[in-house]
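Here my numbering is used: the first residue of the sequence shown is 466, the next is one more, and so on.
Beta carbons are placed, not taken as given, at the ideal position from N, Cα and C, and that holds for glycine.
Following: one structure in structure tokens, then a few remarks.
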Amino acid sequence: MPLNGVNFHSHDFTKIPARQVYPWLVAAIVPRPIAFVSTVDENGVTNLAPFSFFNGVSSNPPCLVFSVARKPDGKKKDTLLNIEKTGEFVVNSSQESIADQVNDASENYPYGVSEFEKIGLTPRVSEWVRPPGVLESSIRMECRLEKWVEIGDGSAGSSTLVIGRVLGIHVADNILLNGEIDYSLLKPVARLGGKKWLRGGEVFSLDRP
Ligand SMILES: Cc1cc2nc3c(=O)[nH]c(=O)nc-3n(C[C@H](O)[C@H](O)[C@H](O)COP(=O)(O)O)c2cc1C
């Protein structure tokens with residue numbers, strides 16, 4: 466008899482093919498924040514793409530991490546190629562006002578084609594790194610590559626964890642209330658499983674013990 470009458474469906478990741486693992490992972494690890502990452506190549510051509518295997522990992526030094534998977538053919542994504550070349554990137558906020566553009570930027574454009582132009586977002590000059598940020602994002606974090614960690618054997622779905630040192634942050638004053646970010650103004654969006662996204666989640670506070 467199952468505990469509380471609840472049955473659990475179990476999937477042994479060591480026994481099922483990798484392509485069947487991904488949908489369960491992204492459906493279970495929710496909601497995921499979305500790093501909207503801008504980079505440049507050695508000629509200054511910009512690139513923009515969303516990554517939801519993303520989080521903050523340290524405050525001293527301030528570091529974040531996002532994960533870039535290999536393409537189905539095993540090749541590296543443009544974001545990773547650019548970070549390998551320049552060691553710099555900007556993480557821009559993903560919010561309701563630009564959710565469509567964040568999604569559109571995930572299209573697999575050829576290397577050297579700028580998503581800024583393709584999807585109609587405005588580059589905003591950065592202060593501490595070469596890649597520009599996204600003007601339409603209310604928060605921009607300028608980052609320098611701290612280190613990367615390879616996961617897997619380089620085949621499709623293998624990933625590179627990009628750990629970035631956050632050099633500084635820019636926060637638009639029109640999302641600030643009494644000096645703090647007002648989430649009803651920022652309206653962050655997050656990713657769930659499959660094609661599903663989350664917006665307008667109810668915000669509540671809990672006192673720390
Ligand atoms: C919301 C969202 C989240 C994504 N998260 C990831 C991710 O965490 N890792 C990844 O490799 N690709 C992720 N993708 C797919 C990339 O954005 C896509 O492969 C993109 O074309 C990479 O661009 P690039 O080649 O210019 O770097 C995501 C796509 C969307 C729409």
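Sub-8 Å separation of residue i and residue j beta-carbons
i, j, result
"Arg630", "Glu615", "no"
"Phe473", "Ala500", "no"
"Ser603", "Ile634", "no"
"Phe555", "Pro527", "For clarity, residue 555 is Val in the given sequence; the question names Phe instead. No, these two residues do not count as a Cβ contact at 8 Å."
"Gly598", "Asn557", "yes"
As assigned by DSSP and simplified to three states, the class of residue i
i, result
"Leu671", "coil"
"Thr587", "coil"
"Phe478", "coil"
"Lys550", "helix"
"Ser562", "helix"
"Ala493", "helix"
"Asn639", "helix"
Reference residue i, options the options, closest by Cα
i, options, result
"Arg609", "Ile646, Glu549 and Ala534", "Glu549"
"Val533", "Ser620, Leu632 and Pro653", "Ser620"
"Ile563", "Ala514, Glu667 and Ile628", "Ala514"
"Leu657", "His476, Asp477, Pro488 and Asn469", "Pro488"
"Leu632", "Gly622, Val594 and Ile584", "Val594"
"Asp565", "Ser475, Thr551, Leu586 and Tyr576", "Leu586"
Span separating the alpha-carbon of residue i from that of residue j
i, j, result
"Ser524", "Arg605", "16 Å"
beta-carbon residue i near ligand 3 non-hydrogen atom, thresh 7 Å
i, result
"Ala534", "By its list of ligands, the structure shown excludes ligand 3, since it contains just ligand 1."
Count the C-beta pairs between the stretch 644-657 and the stretch 528-544 that are closer than 8 Å, then say yes if the count reaches three, no if not. Flag = no, the stretch 644-657 and the stretch 528-544 do not touch.
Does the stretch 650-666 come close enough to the stretch 479-496 that 3 or more CB-CB pairs lie under 8 Å? yes
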